[in-house]
Amino acid sequence: MNPQANLIFIASLLLGTTITISSNHWIMAWTGLEINTLAILPLISKSHHPRSIEAATKYFLTQAAASALVLFSSMTNAWHTGQWDITQLTHPTSCLILTSAIAMKLGLVPFHFWFPEVLQGSPLTTGLILSTAMKLPPMTLLYMTSSSLNPTLLTILAILSAALGGWMGLNQTQIRKILAFSSISHLGWMAIILIYNPKLTLLNFYLYAVMTTTVFLTLNTTKVLKLSTLLTAWTKAPSLNTMVLLTLLSLAGLPPLTGFLPKWLIIQELTKQDMAPAATLISLLSLLSLFFYVRLAYCTTITLSPHTTNHMKQWRTNKPTSTAIAILSTVSVMLLPASPMIITIV
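Reading the sequence shown from the start, the letters are residues 1 to 346 in UniProt numbering.
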């Protein structure tokens, strides 16, 4: 893609995200979401492969439907209450429609079907933007309206997302699809705590974004897209693959890694809110996603599967690891000791 065009699309993404995050009026928030949608479409379809075009079409149709629902929800609320302020969403029907719209934007179950397909059809760098930056504006809207939303509905969506995100990722061999189901599962953890402690939702999102960015950038460096190529990628950059092993285990939420921190705080908060059954259920469901994280980690460094012994081993690269990957992987693995400071900030 032309560098100038690329720059325009990235700048538009930043503009759309900034408008949505900083707006108080529903129309401005909707405008930011629309700018984001239109800016990401060329980045999804830039390879001109039929799968990419299909992914861009699916993404456009889903996001257009979600944006229409956001507009419908805000207009219904304005009709009944006379308020266009985002924090003044008080009408029950509007809250219900908005929850559905944001769930569709984020890829929460049962509106998740588009996300794995779109991620599979996108390049790794665009997949990274879809998994992290594109989720920030809808998360902001959820954060701002969290006091008005229906706790029962959000808890049901969260538990279904954790269940299906883990279950559907078990049988995948394409790494982008595995990461898509991982994202759906993490969104479940964010949604379940949103009503009770919205700041924990944001903390979970930030840490998830850091860990996912590390994994995507590393996969982009080693040019790995599926499990069979991951099996032989360890010869290319052994130290980098070791850090990916730890980052994947951190994404799974294993102590003493960074990913354990948000899960620990969420379970603690749910228990305080007399939601011990929900906390137990979502913890058990996270074992499903733990399986495919461990499988990815196993393929990354621990073993060379028997059926790949005839494969050409890749040459070890002499290129130094980028500073961004080094910093992100360190944060993804070693942030747990700083948890008292993080808790005081939150």
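Just so you know, even glycine gets a beta-carbon here, dropped at the ideal spot from N, CA and C.
Asked: Beta-carbon spacing of Leu-119, Ala-180 below 8 Å; Found: yes
Asked: Cα-Cα separation, Ser-146 to Ser-73; Found: 15 Å
Asked: Through-space distance from Pro-340 to Thr-155, alpha-carbon basis; Found: 27 Å
Asked: Beta bridge counterpart(s) of Lys-226 as assigned by DSSP; Found: Gln-174
Asked: Nearest to Leu-225 (by Cα), restricted to the options Leu-296, Ile-21, Val-331 and Leu-130; Found: Leu-296
Asked: Candidates Ser-67, Ser-322, Gly-188 and Ser-250, of which the one nearest Trp-26 by Cα; Found: Ser-67
Asked: Thr-37 burial status per 10 Å Cβ neighbour count (16 or more: buried); Found: buried
Asked: C-beta atoms of Gly-107 and Leu-7 nearer than 8 Å; Found: no
Asked: Per DSSP, cross-strand counterpart(s) of His-25; Found: Asp-85
Asked: Within 8 Å, strictly: CB atoms of Phe-134 and Ile-86; Found: Before going on, a small fix: residue 134 reads as Met here, not Phe. For Met-134 and Ile-86, no; Cβs fall outside 8 Å.
Asked: Spatially closest choice to Ser-45 from Tyr-206, Leu-33, His-80 and Ser-122, by CA coordinates; Found: Ser-122
Asked: Where Leu-231 sits in the DSSP three-state scheme; Found: coil
Asked: Span separating the alpha-carbon of Ser-283 from that of Ser-183; Found: 16 Å
Asked: Between the CA atoms of Ser-52 and residue 364 - distance to the nearest angstrom; Found: Residue 364 lies beyond the residue range present for the chain, which begins at 1 and ends at 346; the question has no answer from this structure.
Asked: C-alpha gap between Pro-42 and Ala-55, whole angstroms; Found: 11 Å
Asked: Thr-152, enclosing alpha helix (DSSP H) - first and last residue; Found: 151 to 168
Asked: Nearest-angstrom Cα separation, counted from Thr-213 out to Gln-83; Found: 38 Å
Asked: Alpha-carbon to alpha-carbon, Thr-280 and Leu-149; Found: 23 Å
Asked: Contacting residues, own chain, Cβ-Cβ under 7 Å from Ala-39 (five flanking each side not counted); Found: Phe-9, Ser-12, Leu-13 and Gly-16
Asked: contact_flag[the region 285 to 292, the region 161 to 169] where n(CB pairs < 8 Å) is 3 or more; Found: yes
Asked: Which of helix, strand or coil DSSP assigns to Pro-137; Found: helix
Asked: Tyr-298 (DSSP reduced to helix, strand or coil); Found: helix
Asked: Ile-8 (DSSP reduced to helix, strand or coil); Found: helix
Asked: Beta-carbon proximity check, Thr-140 vs Thr-20, cutoff 8 Å; Found: yes
Asked: Distance between Leu-248 and Val-294 (C-alpha atoms, nearest Å); Found: 8 Å
Asked: Alpha-carbon spacing of Thr-221 relative to Ser-100, whole angstroms; Found: 37 Å
Asked: Residue environment, Ser-185, which counts as buried when at least 16 other CB atoms sit within 10 Å; Found: buried
Asked: Where Asn-197 sits in the DSSP three-state scheme; Found: coil
Asked: Cβ neighbour criterion (16 or more within 10 Å) applied to Ile-343; Found: exposed
Asked: Met-1 (DSSP reduced to helix, strand or coil); Found: coil
Asked: Neighbourhood of Leu-124 by C-beta, 8 Å cutoff - its chain only, sequence neighbours within 5 removed; Found: Arg-176, Phe-216, Leu-219, Asn-220 and Leu-225
Asked: Collapsed DSSP secondary structure at Gly-188 in the structure displayed; Found: helix
Asked: Under the three-state DSSP convention, the category Pro-238 falls into; Found: helix
Asked: Distance CB(Ser-131)-CB(Val-210) smaller than 8 Å; Found: no
Asked: Simplified DSSP state of Val-109, which is helix, strand or coil; Found: coil
Asked: Nearest to Ile-327 (by Cα), restricted to the options Leu-240, Ile-266 and Ser-23; Found: Leu-240
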